[in-house]
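In the order they appear, the protein sequences are chains A and B. The first sequence: position 178 = 178 (our numbering), numbered continuously. One rule links them: number in our numbering = place in the second sequence (from 1) + 1000. Read the structure below first, then the notes.
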Amino acid sequence: MKVLKDFSNIFKRYDLDLEKTGKAKEISKDPALQKVAQLVVDGDEEGILAAVKDALKSKSPLEVINNALIAGMNEVSRLWDEGIYFLPQVILSSDAMNVGIAECEAKMGKAMDRKAKVVTHTAEGDIHDIGQVIVNALLNANGFDVINLGADVPVDKVVSACKEHRPVMVTGTALMTTTMTAFPKIAHQLKQAGLGIPFICGGGAVCEEYVTEYDLGIWGKEASQAPGMAEDALAGESWEAMRAKWNG
Amino acid sequence: MNAKERVMAVINHQKPDRMPCFGANSTVTYDQMEKVAAFWPEGHDKGEVMAKQAMAAYSVLGFDAVRVPFCQTFEAVALGCTRKPGRVRELEGVPGIEHPPPYKLDDTPVFPEDFLSRGFIPELLKAVSIVKKELGDEVAIVAGIIGPFTIAGSLLDSVPLLKATFKSPEKIRPFLDVGEKAGTALAKALIDAGADIISCEDMTASPELIAPKTYRDFELEYQKKQFDAISVPKILHICGNVDAIVEWMGQTGAEVLSLEPKASATLARGKCGPDVVLMGGVDTATTLFMKDAATVKQGCEESIADGIQILAPGCAVAPGTPTENLLAMVEVAKAH
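Have a look at this one:
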């Protein structure tokens, strides 16, 4: 009779190979910062406050923001890109990061300096109303001031937010075919108002050919492109130049 | 074979005279509305208008089944959500759910005794009985319900529900339970009204929104329970690429799985075995809505080569979709 020496596979569920496994990398050599970063990766919005307060005893608020909170979120973005993390985990991490940033800002006595404003929204009528959550988290983690209009946003509200905030870029997410038709309407009204803002459109139902049919439209294939696109917009690139670079 | 016989033959593993073509999700378009002189928003809340629009799938397109309803709000509204009303063509209005939702995670959701007489459900049942009376012998009647996880998403809002799947997953069970009861009760009433097939849409259970293990450890149990209680054939439709969960979708008891082209029919066949019937076709946004008939035909042929047995739009048809693209699907089906 064959004697089994290695039992490790006996208790391994055969179906788990469908889910990739992977671990977060170490983010900081400093134990206090590493703890904060790990709590972002874990999406622990209750536990993170104490860890941030602890880190602030020895570090400046900006160090905690940049080297722990944002660095942690960038690691979450990597885990998402690699298919290890799923959407609920990204939402939890983003919330944890925001709790930490709020505490650091309270310590600084002012909001952290942001590079520029970006308006984000999900199209009106969309029931898959969370597509933009990752875009918000990544833009936030990369130092942009996200004006989050949320889900199910009518055309007029997007246009008036752009008039009010003068963002460098505006994004729209739609996961349903029935809702993406709002995008050309938004683009048209922005142009009429003299706002030639690059308008990044993406999400499940949205394809490149559709978005590049209207002025201002740039197709966003992956949420992870959003920070790079926002940097281009901040550098003053026109929507035409951005479309040439990111699409086609 | 007439349309109904053709559909039932495939589901019962008998040989049809040709491949059937119909939708697991809404197939209504503005073009069809014009042709049958029945319009939105009335088609979402008046039984007579809903029936007229559904029957256009047969009379205008030549699909082998007709399908009601055209939005995902019926159970949620009867459970206490507020419907954002549908609107006319220019405003692109399919009804949705108003914010804020009726419940928070720590609440206990209630399944009302008079569920079937609440909201717009009586009108949906009326639509099915009208279609049954007019076309019941000729064409299969597909009636839609919403999956437990998606109903839970309407009761709680998607973001709190998604967060709970990792933070406090046990708290979502009462909501899945009520969602299951609602869909099952509606399915039984739809069958009594004349439905031949129940199509369950469960958008929020997609791996694009939740982790595959959440589907396996939570939704699967409720879906099994629900399908076990439904006496007619069931179609399960989950949006997006479902490769990571298709094996478990095959364990729900659904006779038919409806797949978007992002998901692999070959993989589904391998994971679910020979008995499950696979339905699907081209992407409703990037192909059916955007491209021409020739591209639609080519995409349909690719889906069939991948193992699809019932040709269908990959998901809900965009209402602006050109009629000729839908007719192209029927043409492909007729050649198989």
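The beta carbon of each residue, even a glycine, is placed where N, CA and C say it ideally should be.
Under 8 Å between the Cβ atoms of residue i and residue j?
i: residue 106/A; j: residue 72/A; result: no
i: residue 117/A; j: residue 188/A; result: no
i: residue 1311/B; j: residue 1001/B; result: no
i: residue 206/A; j: residue 169/A; result: no
i: residue 1256/B; j: residue 1249/B; result: no
i: residue 1067/B; j: residue 1023/B; result: yes
i: residue 150/A; j: residue 114/A; result: no
i: residue 1003/B; j: residue 1065/B; result: yes
i: residue 1237/B; j: residue 1200/B; result: yes
i: residue 1126/B; j: residue 1047/B; result: yes
i: residue 225/A; j: residue 239/A; result: no
i: residue 33/A; j: residue 50/A; result: no
i: residue 1307/B; j: residue 1252/B; result: no
i: residue 1321/B; j: residue 1288/B; result: yes
i: residue 1122/B; j: residue 1044/B; result: no
i: residue 1028/B; j: residue 1060/B; result: no
i: residue 96/A; j: residue 44/A; result: yes
i: residue 219/A; j: residue 208/A; result: yes
i: residue 40/A; j: residue 100/A; result: yes
i: residue 1246/B; j: residue 1263/B; result: yes
i: residue 1155/B; j: residue 1220/B; result: no
i: residue 91/A; j: residue 1162/B; result: yes
i: residue 1204/B; j: residue 1166/B; result: no
i: residue 1038/B; j: residue 1052/B; result: yes
Rounded to the nearest angstrom, how far is the Cβ of residue i from that of residue j, given a contact under 8 Å?
i: residue 1026/B; j: residue 1070/B; result: 4 Å
i: residue 1119/B; j: residue 1074/B; result: 7 Å
i: residue 1157/B; j: residue 1101/B; result: 5 Å
i: residue 1146/B; j: residue 1072/B; result: 5 Å
i: residue 119/A; j: residue 158/A; result: 7 Å
Name the one or two DSSP bridge partners that residue i has.
i: residue 1257/B; result: 1236/B, 1278/B
i: residue 117/A; result: 145/A
i: residue 1021/B; result: 1311/B
i: residue 1304/B; result: In DSSP, residue 1304/B forms no bridge with anything.
For residue i, which of helix, strand or coil comes out of DSSP?
i: residue 1310/B; result: strand
i: residue 989/B; result: Because chain B in this structure spans residues 1001 to 1336, residue 989/B falls outside the shown range and cannot be described.
i: residue 1080/B; result: coil
i: residue 1067/B; result: strand
i: residue 76/A; result: helix
i: residue 70/A; result: helix
i: residue 41/A; result: helix
i: residue 104/A; result: helix
i: residue 153/A; result: strand
i: residue 288/A; result: Any property of residue 288/A remains undetermined from this structure, which presents chain A solely from 1 to 248.
i: residue 1096/B; result: strand
i: residue 1073/B; result: coil
i: residue 1062/B; result: coil
i: residue 17/A; result: Unreliable placement is indicated for residue 17/A, whose pLDDT of 42 sits below 50; the coordinate value is still reported in the next sentence. Correct three-state label for residue 17/A: helix.
i: residue 1252/B; result: coil
i: residue 1323/B; result: helix
i: residue 248/A; result: coil
i: residue 1051/B; result: helix
i: residue 1143/B; result: strand
i: residue 123/A; result: strand
i: residue 1103/B; result: coil
i: residue 1032/B; result: helix
i: residue 1008/B; result: helix
i: residue 23/A; result: coil
i: residue 1043/B; result: helix
i: residue 1108/B; result: coil
i: residue 1123/B; result: helix
i: residue 1086/B; result: coil
i: residue 1329/B; result: helix
i: residue 1185/B; result: helix
i: residue 241/A; result: helix
i: residue 1027/B; result: coil
i: residue 1334/B; result: helix
i: residue 1002/B; result: coil
i: residue 1115/B; result: helix
| task | Taking only runs that begin and end inside the segment 1194-1250 of chain B, name each unbroken alpha helix (DSSP H) of 4 or more residues, in chain order. | result | 1220-1228, 1246-1249
* Just list the beta strand (DSSP E) runs in the segment 1268-1301 of chain B, keeping only unbroken ones of 3 residues or longer that don't cross its boundaries, in chain order. => Given a length threshold of 3 residues, each whole run of the beta strand (DSSP E) inside the segment 1268-1301 of chain B is given here in chain order: 1277-1280.
| message | At a CB distance below 8 Å, what residues from the segment 194-219 of chain A approach chain C? Give them in sequence order. | response | Among the protein chains in the structure shown, which are A and B, there is no chain C.
**Prompt:** Whole alpha helix (DSSP H) runs in the segment 157-227 of chain A with 4 or more residues, listed along the chain?
**Reply:** The segment 157-227 of chain A contains, as complete alpha helix (DSSP H) runs of 4+ residues, the segments 182-192, 208-211 (chain order).
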